[in-house]
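Peer 1: Line by line, the protein sequences are chains A and B. If you count by the numbering used here, then the first sequence holds residues 960 to 1319, one letter each, in order. If you count by the numbering used here, then the second sequence holds residues 95 to 404, one letter each, in order. Glycine included, every Cβ here is placed at the ideal spot set by N, Cα and C. Let me give you the structure first, and then I'll get to my questions.
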Amino acid sequence: MTDAAQKPASGARETSHPLLELVQARLREFYREPGILFWVFGFPLLMALGLGIAFRQKQPTLPEVAVVRTTESASARELERAVTSSPRLHARAVTAEQATRELARAKIDLVLEMTDDGVRYRFDPMQDRSPLARAVADDVVQTAAGRRSLLPVSDVTDARIGSRYIDFLIPGLIGLNLMGSSLWSIGYNLVVQRKRRLLRRYAVTPMQRGHLLLSYMVSRLLFLLLEVVVLVAFGIALFQTQVQGSYLNLLLVSILGGASFAGLSLLIGARLENAEVASGWMNLVQLPMWVVSGCFFSYERFPEWTHRFIELLPLTALVNALRAIYNEGAGLVALGPELLVLGIWGAIPFVIALRTFRWQ
Amino acid sequence: MQPPISCKSLVKKYGDKTAVAGIDLEVPAGICFGLLGPNGAGKTTTVEMLEGLHAPTSGTIELFGVRWGAGRDQEIRARMGVALQETQLGDKQTVREILRLFRSFYPSGRTVDDVIRAVNLMPEQNQRFHTLSGGQKQRVALATALVGDPELLFLDEPTTGLDPRARQSLWAVVEAFRAEGGTVVLTTHYMDEAANLCDDIAVMDLGRIIAQGSPAALIDSLGDVQFVEFEVGSAPPTFVPGVLAECRAVRKVEERRGRLRLTIDRELEALTSVLAELKGREVVPVGLSSHQATLDDVFLHLTGKELEGD
């Protein structure tokens, strides 16, 4: 009691603003818990790595053709050379028995037989690739025999940046990660702290109650920046993805997305006292969106009539907006509907949560 | 000067259940006030209302002459400190970090070093909370209550689950706080804790205060009685304990947890007659003991319930 009177200033110097102390406490809970670090950073990276490798773009495979020559004529030898050296086929000269065996095992798409009577194609019409192999092989054969095109044609090949699966996947994973970390780091934590009676303990101090919630928001924002930067950098470094739009827009949409899920999370954490019940609610929010919101594959695959509902989900809006910026270079104005959906999902639960929040 | 706590006709109802059924209290400055009662007696609800966590259904509470909800809540909170039992104050934070955090909430207060020294945690100040023993955690909880340099300290079951040495060291901190003029409100299960620390005790049951006074006054209220307890080792099947009430100087016979408990007036006379009676009936008493009345006996007498173990 007398202590404060004797040295009133000494206590004030050594501790900083309560908001700063609360944020520091939040950050320590994070970086001193290796498990949390793994789930926030390691897990999405592993997922991106695994899926990126599994679905990486392969070179288009050439038709597999076995060439069987039963004639010694000069023109047949000439034709065989033309077929086996064509860049449009993967053709090898083999014996008749070997060709039959390989066709039966579907190791090859087509057997090309050269006889005195001409060329014969043998294939299994039920194999997807065989008719294509036949058409390509026939074109090679006819061209070598001197056929000319009647109509002039030309090919334009266009390998677009941002059309690979990994380009689709990285923005999806950013969205998924923002949902997971925003939901769990706020609501779940509040429930645990309420259960441990820490919220009740804070409530009987002169702490500004808004500071506690603000500290959650600030620490969430700091981690959100890290998460987005790490995933984007990972995509660029390992899979040569490119952000077509502006990084600033990508970040702004990420922040809005994070804030949107933070609102939902706060609502879940506003009153509950049981961690298991809270995780049930988190999963109830998360799992349907994992499936339908188009993180891993396009929701276009669901029936047409479901699309307008799916597009009202916050994760769909977030992932669509991120993808548009990432792969199509979209600006914020074009993303109005998505941003509106995110704003609504964030604001309404936030207001309800503040009104119903329980400190004990 | 306004008393630290003053409340009148305090009632709290949850639906049609009445948790607190009309309590008047005045805690003057500088005393240690104990609130005792079995579980469900309403003492936690009462303390939480005093701390400003719940609004009462009816009645008034004033802390330092100021009502909760009158726009001066922060001012009241700055003058009080609260130590809850078993609060997990942040597993990953060190003792020093926790106290820095709590200190930052108060406009003025003691230094972090000062409270760490006061609760004797200098060697553990940089340890994380989850590595501390139960007693050390309780001392951190007490330190968070002291760091705002309060005039009024709420202690909720401060030594539940602690070993005797840890309890002693916690009591010493509370005594030091009182020596400097602080006021304490204590809830506890332990009668020895109440007897040691409290100047004034209110016993609660079913939402009401059923007795109040100093520990000595409460014990005196039982009259000049003592207690004899023993277990019946072996007895013929016809033995009925009630017959012992007929012995000289025996007032009352009760059976509790397999032990017989006799309330007696004059120790020597009662023991002589009871032992003669038991011998005559071929009953063998085991573990016989006698003691002066304690707060436990007062509590048992008032509520018919025992405090510990509930």
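Between Arg-190(B) and chain A, is any beta-carbon pair separated by less than 7 Å?
Peer 2: For Arg-190(B), the answer is no, since every Cβ of chain A falls outside 7 Å of its Cβ.
Peer 1: From this set, Ile-995(A), Glu-1287(A), Phe-1000(A) and Ser-1224(A), which residue's C-alpha is nearest Tyr-1147(A)'s C-alpha?
Peer 2: Checked all of Ile-995(A), Glu-1287(A), Phe-1000(A) and Ser-1224(A); the closest Cα to Tyr-1147(A) is Ser-1224(A).
Peer 1: Name the residue from Arg-1155(A), Leu-1109(A), Thr-1116(A) and Ala-1221(A) whose alpha carbon lies nearest to the alpha carbon of Tyr-1175(A).
Peer 2: Nearest of Arg-1155(A), Leu-1109(A), Thr-1116(A) and Ala-1221(A) to Tyr-1175(A), Cα basis: Ala-1221(A).
Peer 1: Run through the DSSP bridge pairs and tell me what Met-1073(A) is partnered with.
Peer 2: Paired residue(s): Arg-1028(A) and Val-1078(A).
Peer 1: Please tell me whether Leu-178(B) has its Cβ less than 7 Å away from any Cβ of chain A.
Peer 2: Interface residue, yes.
Peer 1: Which residues of chain A have a Cβ atom closer than 7 Å to the Cβ of Phe-196(B), listed in chain order?
Peer 2: Simply Thr-1164.
Peer 1: Hey, would you say Trp-1304(A) sits closer than 7 Å to Ser-1219(A), going by beta carbons?
Peer 2: Cβ distance < 7 Å, so Trp-1304(A) and Ser-1219(A) count as in contact.
Peer 1: Using three-state DSSP, classify Lys-102(B) as helix, strand or coil.
Peer 2: In the structure shown, Lys-102(B) sits in a strand (DSSP, three-state: E or B).
Peer 1: Is Pro-1308(A) helix, strand or coil by DSSP?
Peer 2: Correct three-state label for Pro-1308(A): helix.
Peer 1: Is the beta carbon of Ala-1289(A) less than 7 Å from the beta carbon of Gly-1217(A)?
Peer 2: Taking 7 Å as the Cβ cut-off, Ala-1289(A) and Gly-1217(A) do not qualify as a contacting pair.
Peer 1: Would you mind sorting Asn-1242(A) into buried or exposed? The rule is 16 or more other CB atoms within 10 Å of its CB.
Peer 2: Asn-1242(A) is exposed by the Cβ-count criterion.
Peer 1: At a CB-CB cut-off below 8 Å, which residues of chain B make contact with Leu-1157(A)?
Peer 2: Result: Thr-181, Gln-182, Leu-183 and Gly-184.
Peer 1: With a CB to CB cut of under 6 Å and the five nearest residues on each side skipped, what residues in its chain are close to Asn-1279(A)?
Peer 2: Excluding positions up to five away in sequence, the list reads Glu-1297.
Peer 1: Considering only the beta carbon of each residue, do Ala-239(B) and Val-176(B) sit closer than 7 Å?
Peer 2: In contact: Ala-239(B) and Val-176(B) (Cβ atoms closer than 7 Å).
Peer 1: Report yes or no: is there a C-beta of chain B within less than 7 Å of the C-beta of Arg-1179(A)?
Peer 2: Not an interface residue.
Peer 1: In chain B, which residues lie with their C-beta within 7 Å of the C-beta of Ser-975(A)?
Peer 2: Near Ser-975(A) (Cβ distances below 7 Å), the residues of chain B are Ser-198.
Peer 1: Would you mind sorting Gly-159(B) into buried or exposed? The rule is 16 or more other CB atoms within 10 Å of its CB.
Peer 2: Under this definition Gly-159(B) is an exposed residue.
Peer 1: Can you list, in chain order, the residues of the stretch 144-165 of chain B whose Cβ is nearer than 8 Å to any Cβ on chain A?
Peer 2: From the stretch 144-165 of chain B, only Glu-145, Gly-146 and Leu-147 have a Cβ closer than 8 Å to chain A.
Peer 1: Kindly indicate the opening and closing residues of the beta strand (DSSP E) around Pro-379(B).
Peer 2: 378-386 is the span of the beta strand (DSSP E), which, as asked, contains Pro-379(B).
Peer 1: Do we get a CB-CB distance below 7 Å when we pair Ala-270(B) with the residues of chain A?
Peer 2: Ala-270(B) does not count as touching chain A.
Peer 1: Only counting runs of 4 or more residues, tell me where the alpha helix (DSSP H) segments fall wholly within the stretch 227-264 of chain B, in order along the chain.
Peer 2: As far as the stretch 227-264 of chain B is concerned, its whole alpha helix (DSSP H) runs of at least 4 residues are 228-240.
Peer 1: State the DSSP-derived secondary structure class of Glu-180(B), mapped to helix, strand or coil.
Peer 2: Correct three-state label for Glu-180(B): coil.
Peer 1: Taking the C-alpha atoms as reference points, what is the distance between Asn-1262(A) and Ala-1162(A)?
Peer 2: Note that residue 1262(A) corresponds to Pro in the displayed sequence, not to Asn. Approximately 50 Å between the Cα atoms of the pair.
Peer 1: Give a yes or no on whether the minimum CB-CB distance between Ala-1283(A) and chain B is below 7 Å.
Peer 2: Output row for Ala-1283(A): interface = no.
Peer 1: Using a Cβ cut-off of 7 Å, pull out every chain A residue sitting near Arg-171(B), in sequence order please.
Peer 2: Val-1163, Thr-1164 and Pro-1165, listed in chain order.
Peer 1: My output table needs one value for Thr-974(A): the three-state DSSP class, helix, strand or coil.
Peer 2: The answer is coil: DSSP assigns Thr-974(A) none of H, G, I, E or B.
Peer 1: For a contact meaning CB atoms closer than 8 Å, what does Gln-219(B) contact in chain A?
Peer 2: Those within 8 Å of Gln-219(B) in chain A number zero; the least Cβ separation is about 13 Å.
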